[in-house]
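Chains as they are written, first to last, in our numbering: chain A, 18 to 143; chain B, 85 to 319.
Glycine residues also receive a C-beta, built at the ideal position from the N, C-alpha and C atoms.
Fair warning: this is a prediction, and the values are worked out from it, not measured in the lab.
Just below is one structure, and these are the notes that go with it.
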Amino acid sequence: MLIKVQILIGVMSIILLLFTFELIRKGRLREEYSILWIFTGLIIFIISLWPEFFLSRFIPKITGLFYLSAVVMIAFLFLLLIVLHFSIVISRLSHQNKELAQRYAILELELNSIKRLCNTSQKMSA
Amino acid sequence: MDFKKVLVIIPAYNEEGSVGKVVEEVKKFLPGVDILVVNDGSKDLTSEEAKASGAVVLDLPFNLGIGGAMQTGYKYAFIKGYDIAIQVDGDGQHDPKEISKLLNTLERNNADIVIGSRFLGVSDFKSSMMRRFGIFIFSKVISIILGQKITDPTSGFRAINKKVIHIFASNYPQDYPEPESLVLLHKFKCNVLEVPINMRQRNAGESSITKIKSIYYMVKVLLAIFVDCFKERSL
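In structure tokens form, the structure reads like this:
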């Protein structure tokens with residue numbers, strides 16, 4: 018039973034790590050966000066190397082959580098962190114997005130009035 | 085009053101049927117003022133109609149919502165150094181005849197913001213139960229926070245001075261900004277005044293707040309007001 022869980026978790030963490038590296042390599046994921054994912058993958062991988070130690074001794078000793086519930090708990094905590102991190106990023110982005118749209122509209126108006134000024138002065142001098 | 089630079093800001097989202105009329109009416113009653121229409125990413129001919137009627141038009145590249153659109157107008161007013169900015173909705177609900185009332189009160193009573201209230205004095209304003217109830221709740225909450233009776237905190241018909249233009253250019257709430265902006269101004273120790281106005285039926289278009297949405301907005305805005313009381317603000 019334990020060996021099956023060990024292999025499953027190990028393979029999943031390796032896939033997660035490879036996938037993250039591939040995304041960074043292709044420039045689809047910024048390093049800033051990838052750190053959390055790499056960290057997550059590494060921790061899960063380390064746990065899968067010595068599941069006996071982590072799941073039955075280390076984690077129960079410091080948290081009081083046993084075995085599978087411990088795995089779920091860790092995964093849940095990491096996901097929670099990542100989702101919270103994303104909410105912060107999205108908030109910042111939408112604020113910057115709004116700011117950009119507003120500046121763009123004002124600049125476009127100014128540009129058009131300058132263009133019109135240039136045109137009339139050109140016509141006058143011609 | 086003549087030497088002060090006044091800007092009338094008209095936010096408009098898909099209001100091609102009424103925005104031209106509003107601009108012309110403002111021109112008729114206040115010949116000297118500049119008129120800015122903020123086209124909030126409309127999909128119809130709002131921008132063209134507004135330009136044809138002789139207003140300066142700011143075209144947002146996509147819909148930002150009333151808060152984002154109004155803030156664009158305030159940013160413009162701030163950059164251009166206007167002394168007074170007046171918000172008039174693009175749907176024709178606000179009667180431009182009443183703008184001078186707002187202006188006079190702002191000038192004479194040394195207020196930072198003057199709100200045109202539908203519920204002060206005589207007014208034949210009619211609306212659904214839901215809306216009345218929402219406005220009632222906001223009115224109570226805002227009055228408590230400001231320590232001053234505010235009868236119509238949701239009114240978008242308002243005039244502000246240079247100090248408030250500066251504040252709004254850098255801080256303005258998003259979706260349903262009117263009640264929240266009053267809490268913000270209270271934090272900056274601004275003088276808030278109300279004058280009675282009459283509101284007309286809508287010329288065209290549809291109110292941006294439908295029934296189910298209004299409940300959602302009420303909860304959201306109340307929450308935002310609550311959070312605002314604890315937020316740090318800076319210019």
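Bridge partners of B:Ser201 according to DSSP: B:Pro280. Linking A:Tyr50 to A:Tyr121 through their CA atoms gives a straight-line distance of about 28 Å. A Cβ-Cβ distance of about 11 Å is found for the pair B:Pro261 and B:Ile309, leaving them out of contact under the 8 Å criterion.
Less than 8 Å divides the Cβ of B:Val110 from the Cβ of B:Val172.
Scanning its chain for C-beta atoms nearer than 6 Å, with the 5 sequence neighbours on each side dropped, one finds around B:Phe203 the residues Thr235 and Asp236, in chain order.
For A:Ile60, the closest Cβ of chain B is not nearer than 8 Å. Beta-bridge pairing by DSSP links B:Pro95 to B:Val122.
For A:Ala143 against B:Leu148, the beta-carbon gap comes to about 41 Å, at or over 8 Å, which does not count as contact.
Flagged as an interface residue toward chain B: A:Tyr121, by a C-beta distance shorter than 8 Å. Of the residues B:Gln155, B:Ile226 and B:Lys224, the one whose Cα lies closest to the Cα of B:Asp124 is B:Gln155. Put simply, the backbone Cα of B:Gly116 is about 19 Å away from that of B:Val103.
Here DSSP, grouped into helix, strand and coil, assigns B:Val172 to coil. B:Leu144 is not a Cβ neighbour of B:Ile170, given a cutoff of 8 Å.
Judged by beta-carbon spacing, B:Tyr158 lies within the 8 Å limit of B:Phe252, meaning their Cβ atoms are closer than that value. Bounds of any alpha helix (DSSP H) do not take in B:Asn245; it lies within the beta strand (DSSP E) bounded by Arg242 to Asn245. With the criterion set as a beta carbon lying under 8 Å from some beta carbon of chain A, the members of the segment 145 to 163 of chain B are Pro145, Phe146, Leu148, Gly152, Gln155, Thr156, Lys159, Tyr160 and Ile163, in sequence order.
For B:Asp175, the closest C-alpha among the options B:Leu230, B:Gly138 and B:Ile93 is that of B:Ile93.
For B:Val141, the uninterrupted beta strand (DSSP E) run begins and ends at Val140 to Asp143, by DSSP. Within the same chain, and ignoring the five residues on either side of B:Asn98 in sequence, the residues whose Cβ sits closer than 7 Å to its Cβ are Ser126, Lys127, Asp128, Thr130 and Gly289. Where A:Thr57 is concerned, the enclosing alpha helix (DSSP H) starts and stops at Glu48 to Leu66. Interface with chain A (8 Å Cβ-Cβ cutoff): B:Val140 is included.
Closest in alpha carbon position to A:Thr37, among A:Ile26, A:Leu53 and A:Lys115, is A:Leu53. Interface annotation for the segment 114 to 141 of chain A against chain B: Lys115, Ala118, Gln119, Tyr121, Ala122, Ile123, Glu125 and Leu126, criterion Cβ-Cβ distance under 7 Å.
Within the DSSP secondary-structure output, B:His270 pairs in no beta bridge.
For B:Asp143, a Cβ of chain A is located within less than 8 Å of the residue's own Cβ.
For B:Val225, the secondary structure class from DSSP, reduced to helix, strand or coil, is helix. Cβ-Cβ distances below 8 Å link B:Ser265 to Phe252, Tyr256 and Pro257 in the same chain, with the five nearest sequence neighbours on each side left out; the list follows chain order. Secondary-structure assignment with DSSP links B:His178 through a beta bridge to B:Met283.
In this model, A:Leu33 and A:Ser108 are separated by some 26 Å (Cα to Cα). Here the alpha carbons of B:Val225 and B:Lys246 stand approximately 27 Å from one another.
Nearest to B:Asp312 by alpha-carbon distance, out of B:His250, B:Leu230 and B:Ile296, is B:Leu230. Assigned with DSSP and collapsed to three states, B:Val248 falls in helix.
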